[in-house]
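Numbering (the numbering used here), first residue to last: 289 to 515.
Written out as structure tokens, the structure reads:
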């Protein structure tokens, strides 16, 4: 694939000249890793979990059920595993530059993740992100139970988060941008003023207005108008 962004299909482009909001996925988008895969490595089931992750992101498995299946395999891990995983995580090239540039233009930034608040909250603090939504794992006596607390963040939840945050920030739809790589990002990608597939699975690239196939989030800035 080419490293250059593919041509956008929508006629109007969000502009940096007015406030807007960018909402992105976390795993393999904001960061280079898949957190649940890293947790799987710590649990000694890395290969098994990674295989399910790949199928879920390609749209071959229903996301919520796939997540529950993977989280069950983490039962018994101590909560200290989150510290270990957090220190192995790296922000995607250009992620912090993108966020800083958007803030300088009066934009807000949100992240929606099928991953976990126990790691996402630290990333949000590090990157000065404005909104965040992720799953939370149940812990009893300092160890993971293998269960997710509350409603699982899925494709519909991600879409609703985009819509709610845009309303909260007073942002019109044509000033919304979404960035993601997996099948559960498709609804929010299709709903945004500009939906970007970032190093994404084929189904996501087909659904998006534009595709970036180089791991550099600064390329998103080049898609936005300055007028």
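No residue lacks a Cβ here, since even glycine has one placed at the ideal position from N, Cα and C. Every value quoted in this text rests on a predicted model; they were computed, and no experiment measured them.
Taking the continuous beta strand (DSSP E) assigned at residue 358, which residues delimit it?
-> It is not in any beta strand (DSSP E) - residue 358 instead sits in the alpha helix (DSSP H) that spans 351–360.
Less than 8 Å between the CB atoms is what I'm expecting for residue 328 and residue 355, so what's the real figure, rounded?
-> Actually they do not touch by this definition, with Cβ atoms about 12 Å apart.
If you draw a straight line from the C-alpha of residue 475 to the C-alpha of residue 511, how long is it?
-> 20 Å
Can you tell me the Cβ-Cβ gap for residue 465 and residue 310, rounded? I've got them flagged as a contact below 8 Å.
-> Right, their Cβ atoms sit about 4 Å apart.
Skipping 5 residues on each side, what residues in its chain have a beta carbon closer than 6 Å to that of residue 457?
-> For residue 457, the CB contacts under 6 Å within the same chain, skipping 5 residues up- and downstream, are 309 and 396 in chain order.
Measure the alpha-carbon distance for residue 438 versus residue 344 and round it to whole angstroms.
-> 20 Å
Sorted by chain position, which residues of the same chain lie with C-beta nearer than 8 Å to residue 320's C-beta, five sequence neighbours on each side aside?
-> The residues are 377, 378, 379, 380 and 503.
Using the DSSP secondary-structure output, state which residues sit across from residue 313 in a beta bridge.
-> 400.
On the premise that residue 472 lies in contact with residue 398, defined as a C-beta separation below 8 Å, what is that separation, rounded to the nearest angstrom?
-> The Cβ separation is near 16 Å, so there is no contact.
Through-space distance from residue 446 to residue 435, alpha-carbon basis | If you take the alpha carbons of residue 435 and residue 446, they lie about 20 Å apart.
So is residue 461 buried or exposed if we call it buried at 16+ other beta carbons inside 10 Å?
-> exposed
Where do the ends of the alpha helix (DSSP H) carrying residue 406 lie?
-> 405–415
Could you tell me which of 451, 400, 301 and 416 sits nearest to residue 388, measuring between CA atoms?
-> The residue from 451, 400, 301 and 416 with its alpha-carbon nearest to that of residue 388 is 416.
Kindly say whether residue 421, judged by its beta-carbon, lies nearer than 9 Å to any beta-carbon of chain B.
-> Protein chains in the displayed structure number just one, and chain B is not present.
Close Cβ partners of residue 408 (< 7 Å) along its chain, the five nearest in sequence each way excluded | Spatial neighbours of residue 408 in its own chain (CB-CB distance under 7 Å, excluding positions within 5 residues in sequence) are listed in chain order as 314, 399, 401, 420 and 422.
For residue 456, which three-state DSSP category applies?
-> helix
Which partner residues of residue 513 appear in the DSSP bridge assignment?
-> 303
When you compare only the Cα positions, how much space is there between residue 498 and residue 484?
-> Just so you know, the alpha carbons of residue 498 and residue 484 end up roughly 5 Å apart.
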